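Asker: Straight run, no breaks: the first sequence in this note's numbering ends on number 570.
Before anything else, here's the structure in question.
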Amino acid sequence: MTAGKKVKVRFAPSPTGDLHVGNIRTALFDWAFARHTGGTFLFRIEDTDTTRVTPEYIQAAIDTLKWLGLNWDEGPEVGGPNGPYLQSQRLDIYATWAQKFLDQGDAYHCYCSPEELEAVREAQRAANVAPGYNGHCRDLTADQIAAYKAQGREAVVRMRMPDGTTTFTDAIRGEVTFDHKFVPDFVLVRADGSPLYTLAVAVDDILMEVTHVLRGEDLLSSTPRQIRVYQAMGVKPEDYPTFAHLPFVMGQDNAKLSKRNGEVSIAWYREQGYLPEAICNYLALLGWSPGDDRENVTMQELTELFTVEKVHSSPARFDMKKLEAINGDKIRALTLDDFLTWTLPFLTKAGIITGTDAEVALVKKALPIIQERIVKLDETPALLKFLFVKEFAVDADAVSKITDDASKDILKRSLKELEALTTWDHASIEATLRAALIEDMGLKPRIAFTALRIATTGSTISPPLFESMELLGQSACISRISAALSL
RNA sequence: GGCCCCGUCGUCUAGCGGCCUAGGACUCUGGCUUCUCAAGCCAGCUACGAGGGUUCGAAUCCCUUCGGGGCUACCA
Numbered sequence: 084m085t086a087g088k089k090v091k092v093r094f095a096p097s098p099t100g101d102l103h104v105g106n107i108r109t110a111l112f113d114w115a116f117a118r119h120t121g122g123t124f125l126f127r128i129e130d131t132d133t134t135r136v137t138p139e140y141i142q143a144a145i146d147t148l149k150w151l152g153l154n155w156d157e158g159p160e161v162g163g164p165n166g167p168y169l170q171s172q173r174l175d176i177y178a179t180w181a182q183k184f185l186d187q188g189d190a191y192h193c194y195c196s197p198e199e200l201e202a203v204r205e206a207q208r209a210a211n212v213a214p215g216y217n218g219h220c221r222d223l224t225a226d227q228i229a230a231y232k233a234q235g236r237e238a239v240v241r242m243r244m245p246d247g248t249t250t251f252t253d254a255i256r257g258e259v260t261f262d263h264k265f266v267p268d269f270v271l272v273r274a275d276g277s278p279l280y281t282l283a284v285a286v287d288d289i290l291m292e293v294t295h296v297l298r299g300e301d302l303l304s305s306t307p308r309q310i311r312v313y314q315a316m317g318v319k320p321e322d323y324p325t326f327a328h329l330p331f332v333m334g335q336d337n338a339k340l341s342k343r344n345g346e347v348s349i350a351w352y353r354e355q356g357y358l359p360e361a362i363c364n365y366l367a368l369l370g371w372s373p374g375d376d377r378e379n380v381t382m383q384e385l386t387e388l389f390t391v392e393k394v395h396s397s398p399a400r401f402d403m404k405k406l407e408a409i410n411g412d413k414i415r416a417l418t419l420d421d422f423l424t425w426t427l428p429f430l431t432k433a434g435i436i437t438g439t440d441a442e443v444a445l446v447k448k449a450l451p452i453i454q455e456r457i458v459k460l461d462e463t464p465a466l467l468k469f470l471f472v473k474e475f476a477v478d479a480d481a482v483s484k485i486t487d488d489a490s491k492d493i494l495k496r497s498l499k500e501l502e503a504l505t506t507w508d509h510a511s512i513e514a515t516l517r518a519a520l521i522e523d524m525g526l527k528p529r530i531a532f533t534a535l536r537i538a539t540t541g542s543t544i545s546p547p548l549f550e551s552m553e554l555l556g557q558s559a560c561i562s563r564i565s566a567a568l569s570l
């Protein structure tokens with residue numbers, strides 16, 4: 084199938100909500116496959132279900148893909164030779180093909196009402212036979228049709244599924260066969276004239292010259308229906324796209340990932356401070372591996388290493404802990420400038436800074452000491468807050484730890500030493516404090532520095548103490564310690 | 001129920017008949033380091049769903065079984 088042709092892969096979500104982890108994993112594989120093969124990545128919006136798809140969700144899907152860096156060659160905003168790329172703008176195309184199928188006898192009008200169809204299914208379930216359309220309207224006579232029309236019945240367009248089987252080779256699962264006995268005649272066009280997924284997806288994949296369909300395994304059993312449409316379109320088997328059905332991403336409870344068993348919206352991950360590259364790296368490892376022990380890969384490396392042959396056929400469980408670990412790795416690998424760029428929005432959103440040049444400069448100086456201690460960007464405000472607060476106050480739960488006499492002694496001595504210090508850098512601060520508190524007073528470092536940490540940063544947890552004090556500045560340190568003494 | 005897909009440590013995976021007393025990563029536990037928190041380093045725990053074959057030899061091939069999942073819409 085499609086051998087020799089230039090690869091074209093499509094990602095075609097139906098935006099009935101925010102794109103979720105599963106969608107993104109599919110998009111990522113589509114993208115990686117296209118880039119690996121030097122092919123085209125096509126992005127199409129399947130918005131034929133107008134009751135569930137909204138313009139907001141469509142825009143959100145576009146933004147999400149952009150944010151992740153999954154750039155497309157054909158699709159919304161960038162256009163392309165086979166547009167439009169929103170199915171809602173291609174209705175006339177589907178109508179034309181549906182009519183052709185009707186004319187050819189591949190499809191027929193079905194006048195059964197939803198209620199009648201449901202009754203049939205109910206009976207089938209009761210009789211323990213496979214539920215599905217019973218072919219009631221397959222061979223209606225002209226009189227029967229006239230009678231239905233006279234009753235004012237609306238018709239759907241239904242595809243005739245001939246006896247036999249459909250066999251295709253899935254690039255991930257191998258040869259798969261479906262007996263048409265279990266693939267009932269299916270609806271192509273609703274009674275209101277709007278197309279269904281089964282029609283639109285098949286028509287578009289052919290018209291847009293898609294060579295590879297990598298999609299979720301939930302669509303595996305709909306493949307024979309797509310192939311049936313190709314046949315009716317007159318497409319030769321060697322021109323069918325190659326199918327590859329990706330395994331699911333499951334939640335912790337082994338059910339398809341959903342809001343109930345894990346956070347699924349990419350928007351949520353973005354707000355939490357996950358890096359797009361971390362999300363992509365982690366998702367790439369769900370159902371795929373480079374084949375060796377490599378795990379940390381850049382987007383560039385992913386496109387070099389990705390092949391469908393290495394994709395699994397078994398589902399994978401989503402593990403937030405592993406994502407966090409990878410995110411931490413990616414954060415630590417960031418250059419200072421990139422780290423700054425990623426961090427600033429979190430600090431401004433938290434109200435820690437407003438964005439002045441002085442603030443940004445201080446943040447930049449402080450970032451190196453927190454880079455290896457955060458896993459997500461949203462941890463940054465809490466760690467750097469002490470540098471920017473206008474009204475400094477010691478955390479309520481830490482106050483009691485520095486009001487005892489021993490702590491007061493530590494703070495008093497520290498104050499004296501720091502006031503006398505003429506060179507204000509972390510090495511000098513540390514040398515002075517160690518000499519006075521550890522060597523002279525004989526205190527344990529842990530005890531001595533905890534008291535100072537609370538007094539200067541307001542918390543029992545902070546970036547390294549001496550670096551923090553350097554950044555804070557001599558006068559601020561002195562005034563905070565003085566204030567702590569009168570608590 | 002029927003059809004289809006899937007089954008290696010808790011999780012993601014390596015493995016494609018001998019290199020496997022099953023390797024790596026995350027998690028977890030213990031230790032080292034240490035000014036807190038991290039990071040880093042070291043160690044440990046834990047897996048081929050089960051049962052039959054085939055073979056000198058099976059995690060790897062075949063069959064059965066059990067288990068999980070998907071589909072079964074005028075959703076996608």
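Note that beta-carbon positions come from the ideal geometry of N, C-alpha and C, so glycine has one too.
Remember, it's a predicted structure, so these values are computed and weren't measured experimentally.
Give the C-beta separation of Leu430 and Leu554 to the nearest angstrom, bearing in mind that I take them to be a contact with Cβ-Cβ under 8 Å.
Answerer: Counting from 1 along the first sequence, the entry for residue 430 is found at position 347. Counting from 1 along the first sequence, the entry for residue 554 is found at position 471. Not really, about 14 Å apart at Cβ, beyond 8 Å.
Asker: According to DSSP, simplified to helix, strand and coil, what is Met333?
Answerer: Within the first sequence, residue 333 is the residue found at index 250, counting from 1. Three-state DSSP puts Met333 in a strand.
Asker: Taking 7 Å as the limit between beta carbons, can you name the residues of its chain near Phe116, skipping five residues before and five after?
Answerer: One-based indexing of the first sequence puts residue 116 at position 33. Val92, His295, Leu297, Phe389, Val391, listed in sequence order.
Asker: Ends of the beta strand (DSSP E) at His192?
Answerer: As a first step, residue 192 must be located in the first sequence, where it is residue number 109. Segment 190 to 193, the beta strand (DSSP E) holding His192.
Asker: State whether the stretch 224 to 233 contacts the stretch 276 to 292, with contact taken as three or more CB pairs (one from each stretch) at a distance under 8 Å.
Answerer: no
Asker: When you compare the stretch 392 to 399 with the stretch 416 to 425, are there three or more beta-carbon pairs, one atom per stretch, that lie closer than 8 Å?
Answerer: no
Asker: Scan the stretch 351 to 412 and note each continuous alpha helix (DSSP H) run of 4 residues or more that stays entirely inside, going in chain order.
Answerer: Here the runs fully enclosed are 359 to 367, 382 to 388.
Asker: To the nearest angstrom, how far is it from the Cα of Thr463 to the Cα of Ile435?
Answerer: Within the first sequence, the letter at position 380 stands for residue 463. Within the first sequence, the letter at position 352 stands for residue 435. Distance between the alpha carbons of Thr463 and Ile435 is about 10 Å.
Asker: Check whether the Cβ of Asp132 sits closer than 7 Å to any heavy atom of the ligand COA, and report yes or no.
Answerer: Annotation note on the ligand COA: not contained in the displayed structure, which lists no ligands.
Asker: Does the beta-carbon distance from Arg243 to Arg208 come in below 8 Å?
Answerer: Position 160 of the first sequence, counting from 1, holds the residue named residue 243. Position 125 of the first sequence, counting from 1, holds the residue named residue 208. Contact: no.
Asker: Classify Thr109 as buried or exposed, calling it buried when 16 or more other Cβ atoms lie within 10 Å of its own Cβ.
Answerer: Start at 1 with the first residue of the first sequence, and residue 109 comes out as number 26. Result: buried.
Asker: Rounded to the nearest angstrom, how far is the Cβ of Thr99 from that of Asp132, given a contact under 8 Å?
Answerer: As a working mapping, residue 99 is identified with position 16 in the first sequence. As a working mapping, residue 132 is identified with position 49 in the first sequence. Going by Cβ atoms, the distance from Thr99 to Asp132 rounds to 7 Å, so yes, they are a contact pair.
Asker: If you measure between the beta carbons of Phe269 and Thr248, is that distance less than 8 Å?
Answerer: As a working mapping, residue 269 is identified with position 186 in the first sequence. As a working mapping, residue 248 is identified with position 165 in the first sequence. Contact flag unset, no.
Asker: According to DSSP, is Ser497 part of a helix, a strand, or is it coil?
Answerer: The residue given as residue 497 occupies position 414 in the first sequence. Of the three classes helix, strand and coil, the one that applies to Ser497 here is helix, per DSSP.
Asker: Taking contact to mean 3 or more Cβ pairs, one atom from each stretch, closer than 8 Å, check whether the stretch 300 to 313 and the stretch 356 to 372 are in contact.
Answerer: In short, these stretches do not touch, since the Cβ pair count stays below three.
Asker: Hey, could you find the ends of the alpha helix (DSSP H) Phe265 is sitting in?
Answerer: Here residue 265 refers to the residue found at position 182 of the first sequence. Neither: Phe265 is in no alpha helix (DSSP H) and is coded neither H nor E.
Asker: Three-state secondary structure (DSSP) at Pro164?
Answerer: Numbered from 1 along the first sequence, position 81 holds the residue referred to as residue 164. Three-state result, Pro164: coil.
Asker: Within the stretch 295 to 324, note down every full beta strand (DSSP E) run reaching 3 residues or more, in order along the chain.
Answerer: 295 to 299
Asker: Can the beta-carbon of Tyr454 be found less than 8 Å from the beta-carbon of Trp507?
Answerer: For the purposes of this step, residue 454 is taken as the residue at position 371 of the first sequence. For the purposes of this step, residue 507 is taken as the residue at position 424 of the first sequence. According to the sequence displayed, residue 454 carries Gln and not Tyr. No. Outside cutoff.
Asker: With a threshold of 16 other CB atoms inside 10 Å of the CB of Lys88, please say whether the residue is buried or exposed.
Answerer: Taking the first residue of the first sequence as 1, we reach residue 88 at position 5. Exposed.
Asker: Out of Ile176, Met316, Ser569, point me to the one whose CA is closest to Gln187's CA.
Answerer: Within the first sequence, the letter at position 104 stands for residue 187. Considering only alpha carbons, the answer is Met316.
Asker: Please list, in chain order, all residues of the same chain as Ala254 whose beta carbon is under 6 Å from its beta carbon, the five residues on each side excluded.
Answerer: Within the first sequence, residue 254 is the residue found at index 171, counting from 1. Once the five neighbours on either side are set aside, the close Cβ partners of Ala254 are Thr325, Ala327, Val391.
Asker: Given this structure, state the Cα-to-Cα distance separating Ala225 from Tyr191, to the nearest angstrom.
Answerer: Start at 1 with the first residue of the first sequence, and residue 225 comes out as number 142. Start at 1 with the first residue of the first sequence, and residue 191 comes out as number 108. Spanning the two alpha carbons is a distance of roughly 12 Å.
Asker: Apart from the five residues just before and just after Tyr313, which ones in its own chain have a Cβ nearer than 7 Å to its Cβ?
Answerer: Counted from its first residue, the first sequence places residue 313 at position 230. Only Ala285, Ile289, Tyr323 meet the Cβ criterion.
Asker: If I'm right that Leu406 touches Tyr357 with Cβ under 8 Å, what's the distance once you round it to whole angstroms?
Answerer: Counting from 1 along the first sequence, the entry for residue 406 is found at position 323. Counting from 1 along the first sequence, the entry for residue 357 is found at position 274. At roughly 7 Å, the Cβ-Cβ gap stays under 8 Å, so Leu406 and Tyr357 are in contact.
Asker: Considering only C-alpha positions, which residue in the set Ile564, Ile544, Gly121, Lys459 is nearest to Glu502?
Answerer: Residue 502 sits at position 419 when you count from the first residue of the first sequence. Residue Ile564 is the option with its Cα nearest to Glu502.
Asker: In whole angstroms, what separates the C-alpha of Asp402 from that of Pro546?
Answerer: Along the first sequence, one-based indexing puts residue 402 at 319. Along the first sequence, one-based indexing puts residue 546 at 463. Distance from the CA atom of Asp402 to the CA atom of Pro546, rounded to whole angstroms, is 28 Å.
Asker: Of all the options Ala538, Asp130, Val272, which has the alpha carbon lying nearest to the alpha carbon of Ala479?
Answerer: Locating residue 479 in the first sequence gives position 396, where the first residue counts as 1. Nearest option by C-alpha distance: Ala538.
Asker: In terms of residue numbering, what span does the alpha helix (DSSP H) encompassing Ala123 cover?
Answerer: Here the question's residue 123 lines up with position 40 in the first sequence. Residue identity differs from the one stated: residue 123 is Thr in this sequence, not Ala. Unbroken run through Thr123 is the beta strand (DSSP E), 123 to 126; no alpha helix (DSSP H).
Asker: Per DSSP, Pro278 forms a beta bridge with which residues?
Answerer: Translated into the one-based positions of the first sequence, residue 278 becomes position 195. Pro278 pairs with Val272.
Asker: In whole angstroms, what separates the C-alpha of Leu548 from that of Ala514?
Answerer: Taking the first sequence and counting its residues from 1, one reaches residue 548 at position 465. Taking the first sequence and counting its residues from 1, one reaches residue 514 at position 431. Taking the straight line joining both Cα atoms gives about 13 Å.
Asker: On the DSSP bridge list, what partners appear for Arg241?
Answerer: Reading the first sequence from its first residue, position 158 is the one you call residue 241. Partner(s): Tyr191, Val270.
Asker: Name the DSSP beta bridge partners of Glu292, please?
Answerer: Looking up residue 292 in the first sequence gives position 209. DSSP, once it has assigned bridges, lists no residue as partnering Glu292.
Asker: Going by DSSP, what residue range makes up the beta strand (DSSP E) through Thr249?
Answerer: In the first sequence, residue 249 corresponds to position 166, counting from 1. For Thr249, the enclosing beta strand (DSSP E) has its first and last residue at 248 to 253.
Asker: What does DSSP give as the partner residues of Leu577 in its beta bridges?
Answerer: No answer is possible for residue 577: it lies beyond the span of the chain, which begins at 84 and ends at 570.
Asker: Mind checking who Ser348 pairs with in its DSSP beta bridge?
Answerer: Position 265 of the first sequence, counting from 1, holds the residue named residue 348. Partner(s): His103.
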